[in-house]
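Heads up: the sequence shown begins at 2 in the working numbering, then just goes up one per residue.
Just so it is clear, CB atoms sit at the ideal spot from N, CA and C, and this is done for glycine as well.
For clarity, every value in this text was computed on a predicted model and none was experimentally measured.
Here is the structure we will look at, set down as structure tokens.
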Amino acid sequence: MPEKQILFAGFGGQGVLSMGQFLTHAALSAGMHVTWVPSYGAEMRGGTANCLVTISDQEISSPLTENPLMAVILNRPSLDKFEPRIKPNGTLVLNTSMVDRQPERTDLEILEMPMNELAEEIGNPRGANMILLGAYLQKTRVVEVQQALQYFEVIFKGKPQQIIERNREAFIAGVKYAQNNW
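Here you go:
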């Protein structure tokens, strides 16, 4: 697999860094080379947060890029900041629950999802990030969904089994959303 960079961006508290960590662990468990570079404002929850995950089947020369191939955007300020930086012909995944405008670029594949509303529908508002991540993996196959599902206990090590299962359910809801809507 050629090297892919995925930017996750939103407010602190939306699970942005957790999404990146989950993808990092899933890719590592699948035998890939991975880097994870977090960035967040001093105020954390409610402030801005983003992370860049790079995945490859070969050694990664640099964990940083100004122009990721893909971006998963959870709020409007992140769209405003990062939309111009995505590589031409890249992919932009939007949380339409928190983004109130359409992207300006026409050279990107745009995938939209009302992740907050979907999380409310399944009775798990804290699982919104896992819903989006499940949909993202179903669509992009950066890591195969079945591989990711095998590692929930590893990724959420130390969490109560009920939390692990709620996250797994949210992830699967996202997979199903992508199968039916993207």
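What residues are listed by DSSP as bridge partners for residue i?
i: residue 6; result: 55
i: residue 40; result: 51
i: residue 12; result: 49
i: residue 34; result: 57
Less than 9 Å separating the beta-carbons of residue i and residue j?
i: residue 72; j: residue 149; result: no
i: residue 50; j: residue 144; result: no
i: residue 75; j: residue 12; result: yes
i: residue 153; j: residue 130; result: no
i: residue 69; j: residue 138; result: no
i: residue 56; j: residue 110; result: no
i: residue 128; j: residue 178; result: no
i: residue 114; j: residue 132; result: yes
i: residue 53; j: residue 6; result: yes
At the level of alpha carbons, what is the spacing between residue i and residue j?
i: residue 35; j: residue 89; result: 23 Å
i: residue 99; j: residue 77; result: 6 Å
i: residue 182; j: residue 125; result: 20 Å
i: residue 146; j: residue 60; result: 23 Å
i: residue 30; j: residue 37; result: 14 Å
i: residue 25; j: residue 19; result: 10 Å
i: residue 201; j: residue 180; result: Since the first residue of the chain shown is 2 and the last is 183, residue 201 is not available in this structure.
Stretch-stretch touch, CB-based, cutoff 8 Å, three pairs: the segment 111-129 with the segment 76-84:
no
Whole beta strand (DSSP E) runs in the segment 62-137 with 3 or more residues, listed along the chain?
With a minimum length of 3 residues, the continuous beta strand (DSSP E) runs that stay inside the segment 62-137 are 71-74, 92-96, 110-114.
Are the segment 132-147 and the segment 98-105 in contact at 8 Å, needing three or more beta carbon pairs?
no
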